[in-house]
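In the numbering used here, the protein residues as written are -14 to 307. The next block holds one structure in the form of structure tokens; read it before the comments.
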Amino acid sequence: MTKRKIELMLGIDDGYAAYAGVFLTSIALNNWQDEIVCHIGCSNALSSKNKERLAKFDALYKNFSLQIYDLSSSIEVLPPLSSQTAKRFSKAVLARLLLPAFLPPDVQRVIYMDCDMLCLGSIRSLWQTDLGGKIAAACAYNEVHGPRQIERLGLLRAEHYYNSGLFLLDVEKWRSHHFTELAVECYSKFHEFFVMPDQDVLNVLLQGQIKRLDDCYNRMLLVNDIASSRIMPGDVLVHFVNEVKPWFIGNAENIAHLYKRYVAASLWYDLPFLEPQEVQDQIKAGDNLLIQGKAELAAHLYGKAAKTLFAEYQKNNPVEYF
């Protein structure tokens, strides 16, 4: 299958615009030979600074075209995320369920990507993937996590539980089956049950209609865990899952160097790097920084973790004065 251009789809809010910019830079630098159109669905208004930098990106990379859509009103009317959903998620994740309905009529297929990713090679092979008559293609979770999610959702016809951070979508079939309307209805009825909001919806609605992709297109990594942050030869897209992201300090050295390289090459070169906020993540970051010879910064994070733990101990074990 050959197409003149590659169509991409991202969902963001204003807080994630800079991370999207770094990710788009990695795509542009590794896919300069292809014409790429990126459709960006925004769940809230972008700041003037983010609008300006995205416009500069659009002008700088001649093979890239950014199309931005305001989805705020469509997302606002949807119910809130489940109380069981991790704090890192916002309603912006629902953009991937809505955006296909906003795409121009001539868009036949699209690659959706999360913003907490980096592109390390050409995405043309992914774009040319034969769906074999199915509606989408995605990467599956591992043999431990996947079956638990299948059981939780009661997916009787599913062989795998798929990650929604990267999927290739047949837009024509999506439209003809009215999946945007079905997704909105499904989410609205069962939102409190869907711990992984959009991902659960897609796995429920597209049972038996998702082709499994090779993991090289969505290598899921834990950036603060040395053993779980290994990039494999041939990986095209790496995905930084869970709470800790590559824009935090104290990650595994290979991830820290890689992400900083793309930040420096982007229009978002002044991106601030954040401190992890959870105690276990502060301790892991401290351990990584010690290995990297950054003892002072490690001590700072250990101190923050100790302060939090001591405050919790005092709360649960109040001192009685006589």
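Ideal Cβ placement from N, Cα and C applies to all residues, glycine included.
Local conformation of A3 per DSSP, three classes: helix
Among S33, W17, F74 and G26, the one whose alpha carbon lies nearest that of Y46: W17
Start-end ranges of the alpha helix (DSSP H) lying completely within the segment 115 to 172, minimum 4 residues: 130 to 138 and 156 to 161
DSSP beta-bridge partners of M217: M217 pairs with nothing; no bridge assigned.
Pair within 8 Å by beta-carbon distance, G150 and A80: no
Distance between L105 and R94 (C-alpha atoms, nearest Å): 22 Å
For L116 and M(-14), the rounded distance between their alpha carbons: For M(-14), the predicted structure reports a pLDDT of 44, less than 50, and the residue's modelled location is therefore unreliable. The matter cannot be settled from this model.
M97 - partner residues in DSSP beta bridges: Reading the sequence as shown, one finds Tyr at residue 97 and not Met. In the DSSP output, where bridge partners are listed per residue, Y97 has M(-6) and F152.
Contact check, L82 vs A5, beta carbons under 8 Å: no
Inter-residue Cα distance where the pair is H24 and K292: In this structure, the straight-line span from the alpha carbon of H24 to that of K292 is close to 44 Å.
Residue ranges of each alpha helix (DSSP H) within the segment 13 to 45, 4 or longer: 33 to 45
Three-state class that DSSP yields for S50 in the structure shown: strand
Contact set for R38: own chain, Cβ-Cβ below 7 Å, skip 5 residues either direction: G6, L252 and W253
Bridge partners - K196, DSSP secondary structure assignment: A122
Identified DSSP bridge partners for R336: This structure does not reach residue 336, given that the chain is present from -14 up to 307, and the question cannot be answered.
P85 and H176 closer than 8 Å at C-beta: no
Sub-8 Å separation of V221 and Y247 beta-carbons: no
Cβ neighbour criterion (16 or more within 10 Å) applied to P182: buried
Short Cβ contact (8 Å threshold) for A122 with F152: yes
Distance CB(I135)-CB(A143) smaller than 8 Å: yes
Exposure label - D91; buried when at least 16 CB within 10 Å: exposed
Those residues which DSSP pairs with L259 across a bridge: F233
The ligand HEM heavy atom lying under 7 Å from the CB of Q265: Among the components modelled here there is no ligand, and therefore nothing to report on the ligand HEM.
In DSSP terms, what D55 is bridged to: C27
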